[in-house]
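Heads up: the sequence lines are chains P and V, in that order.
Residues in the first sequence are numbered consecutively from 529, following the numbering used here.
Residues in the second sequence are numbered consecutively from 85, following the numbering used here.
Encoded as structure tokens, the structure appears first; notes follow it.
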Amino acid sequence: MASEKKKLRVATTSLAGCFGCHMSLLDIDERLLELLKLVEFDRSPLTDIKHCGPCDLGIIEGGLCNAENVHVLREFRKSCKVLVAMGACAVNGGLPAQRNHLDIRDCLQTVYMTGTGIRRGFIPNDPELPLPLDRVHPLHDVVKIDYFLPGCPPPADAIWHFLNDLLAGRTPTLGHGLIHYD
Amino acid sequence: MAGAEKPMFAMDGNDVPFEPGQTILQAALAAGRYVPHLCFHPEFKPHGSCKLCTVKINGRTVASCTTLAKQGDEVESETPEIQDLRRNLVQFLFVEGNHFCPSCEKSGSCMLQAVAYDLGVMAEHFSPFFPSRPIDASHPDVLLDFNRCILCELCIRASAEVDGKNVFALSGRGAKKHLIVNAESGRLADTRLAVEDKAMDVCPVGVILRKRRGFQVPIGERKYDQHPIREVAVGKATARHASGKPSPQGPSKEGA
């Protein structure tokens with residue numbers, strides 16, 4: 529806190545994602561130390577803080593597959609000045625959205641009741657479990673997203689480049705080799 | 085005409101020479117100037133349907149693939165206005181189909197994806213339709229994944245004009261327009277399509293796929309992973325793949 533320049537406060541989370549984007553963020557390796565000179569982390573899998581305080585930047589991995597995802601996304605939107613959708617799932621639903629042409633009841637029945645090797649199965653219905661949405665949605669279907677960082681996951685170099693643009697106040701751009709949808 | 089200077093038009097302030105009868109897109113590509121396009125294929129009659137090659141000539145927007153070059157035309161192509169328009173067209177195509185690049189075996193060789201990279205499309209912007217489009221795996225050697233169809237009609241044109249088989253067609257109107265297989269059963273297995281057909285090699289996206297070939301060239305080493313499409317399209321990219329090996333799909337230009 530004593531440093532001459534106030535650090536930007538950053539929150540991150542993974543919704544309907546696989547944490548691959550967070551792993552890619554960690555793949556910036558020793559540049560993490562450089563990043564930590566510029567930012568401090570609020571709610572994030574890296575800090576285990578459970579709720580988001582006021583932040584300058586929110587980075588969200590994963591799309592929306594259940595009610596809790598929507599709840600967390602809205603908390604981020606309320607708390608963060610700038611919101612970034614990171615990775616294919618956050619940007620367009622990604623792999624989880626491949627269930628979108630299937631009926632959710634059929635899906636659950638196949639997975640929990642009629643699938644191979646299941647006996648006396650039932651669809652989990654504990655009240656603590658968030659209800660699945662009938663379709664998986666990208667983040668921008670529900671809240672305003674300021675910037676998008678595509679990739680599955682985005683390469684570490686793309687994340688680094690993107691964050692540097694953002695922290696320097698530039699509109700992030702990714703040239704050939706950094707912009708990837710796969 | 086012998087010895088006469090070639091006629092020229094100007095594109096974004098640069099002189100582009102052309103042969104009489106050439107379209108703006110043909111002349112631009114021949115002169116090494118890239119104009120984004122999807123439904124255009126040099127071996128087929130221009131179709132003018134995707135509109136990605138839209139340019140502005142003397143204040144009017146036209147498809148450059150179907151507009152003949154004229155001496156003295158002032159053509160605007162890579163202006164912020166036209167590039168924004170192209171980005172929107174690409175975003176429409178993405179949300180209208182199911183384009184999940186991470187699970188597509190055409191990723192890296194896909195023109196739609198490569199054009200989107202070139203235009204700097206970071207997201208689809210619009211709300212995705214998530215249409216339901218079952219695949220057709222009936223053919224022993226070919227998989228059809230309709231989720232990725234952008235209605236360029238190149239397979240239809242190749243199958244009709246080159247192969248003489250009429251395997252593909254479009255059906256429906258407006259947002260319901262979709263690619264169909266021309267067989268009573270609707271199944272690809274009940275057509276005369278063969279892997280050697282021209283129709284196998286023209287799909288700009290990942291609809292028509294050879295079975296058992298999907299990942300012979302690894303993700304990351306494919307055509308547009310190696311070179312931006314604006315270099316490939318005007319023949320500036322040299323090696324097709326990092327390995328330097330020819331495409332395992334033989335003469336296929338779009339394969340792997």
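Ideal Cβ placement from N, Cα and C applies to all residues, glycine included.
Item	Value
Same chain only: Cβ atoms within 7 Å of Asn-250 (chain V), ignoring 5 sequence neighbours per side	Ser-243, Ala-244 and Asn-266
Nearest to Leu-152 (chain V) (by Cα), restricted to the options V:Val-119, V:Gly-181, V:Ala-278 and V:Gln-110	V:Gln-110
8 Å Cβ cutoff met for Cys-635 (chain P) and Gly-545 (chain P)	no
Closest residue to His-743 (chain P) among V:Pro-312, V:Val-205 and V:Gln-155 (Cα-Cα distance)	Any answer about residue 743 (chain P) is impossible in this case: the structure gives chain P only from 529 up to 710.
Where Asn-98 (chain V) falls: helix, strand or coil (DSSP)	strand
Partners in chain P for Ile-292 (chain V), counting only beta-carbon separations shorter than 8 Å	Here the premise fails: no neighbours, minimum Cβ distance about 19 Å.
Secondary structure, beta strand (DSSP E): runs of 3+ residues fully inside the segment 115–185 of chain V	138–141, 144–147 and 158–160
When V:Ala-321, V:Ser-216 and V:Thr-107 are compared against Leu-630 (chain P), the one with the closest alpha-carbon	V:Ser-216
Closest Cα partner of Ile-588 (chain P) within the set P:Asn-620, P:Leu-564, P:Glu-562 and P:Thr-642	P:Asn-620
Minimum Cβ-Cβ distance from Pro-624 (chain P) to chain V less than 8 Å	no
Three-way DSSP call (helix, strand, coil) for Phe-230 (chain V) in this model	helix
As assigned by DSSP and simplified to three states, the class of Glu-280 (chain V)	coil
Beta carbon proximity, Ser-187 (chain V) to chain P, threshold 8 Å	yes
CB contact check: Arg-663 (chain P) to chain V, cutoff 8 Å	yes
Cβ shell of Ser-148 (chain V) (< 6 Å), same chain only, five flanking positions each side left out	Ile-108, Leu-109, Val-119, Cys-137 and Val-139
C-alpha gap between Met-614 (chain P) and Asp-693 (chain P), whole angstroms	15 Å
Cβ-based burial, Ala-323 (chain V) [other Cβ within 10 Å; buried from 16]	Legend: pLDDT at Ala-323 (chain V) = 46, less than 50; position of this residue unreliable, no value from coordinates given.
Residue range of the unbroken alpha helix (DSSP H) whose run includes Asn-594 (chain P)	Premise fails: Asn-594 (chain P) lies in the beta strand (DSSP E), 592–594, not in any alpha helix (DSSP H).
Where the beta strand (DSSP E) containing Ala-613 (chain P) begins and where it ends	608–614
For Phe-178 (chain V), the nearest candidate out of V:Pro-212, V:Arg-296 and V:His-262 (CA to CA)	V:Pro-212
Proximity test, Cβ basis, 8 Å: Pro-678 (chain P) and chain V	yes
CB contact check: Pro-212 (chain V) to chain P, cutoff 8 Å	yes
Ranges of the beta strand (DSSP E) found wholly within the segment 612–693 of chain P, counting only runs of at least 3	660–665 and 675–677
Coil, strand or helix - Arg-294 (chain V) by DSSP	strand
Distance between Val-279 (chain V) and His-689 (chain P) (C-alpha atoms, nearest Å)	43 Å
Separation of Pro-91 (chain V) from Cys-25 (chain V), as counted between CA atoms	Nothing about residue 25 (chain V) can be reported from this structure: the residues present for chain V run from 85 to 340 only.
Cβ-based contacts, 7 Å cut-off: residues of the segment 202–235 of chain V near chain P	Gly-204, Met-206, Ala-207, Glu-208, Ser-211, Pro-212, Phe-214 and Ser-216
Nonlocal neighbours in the same chain, by C-beta distance under 6 Å from Asn-182 (chain V), ignoring five residues either side	Asn-231
Arg-537 (chain P) vs Asp-584 (chain P) beta-carbon contact at 8 Å	yes
Cβ of Tyr-640 (chain P) within 8 Å of any chain V Cβ	no
N- and C-terminal bounds of the alpha helix (DSSP H) containing His-550 (chain P)	548–554
For Asn-628 (chain P), the nearest candidate out of P:Asp-570, P:Cys-580, P:Val-664 and P:Pro-658 (CA to CA)	P:Val-664
Under 8 Å from the C-beta of Ile-769 (chain P): neighbouring residues of chain V	Given a span of 529 to 710 for chain P in the structure shown, any question on residue 769 (chain P) remains unanswerable.
Closer than 8 Å to chain V by CB, Thr-644 (chain P)	no
Any C-beta of chain P under 8 Å from that of Gln-300 (chain V)	no
Alpha-carbon to alpha-carbon, Val-291 (chain V) and Val-301 (chain V)	18 Å
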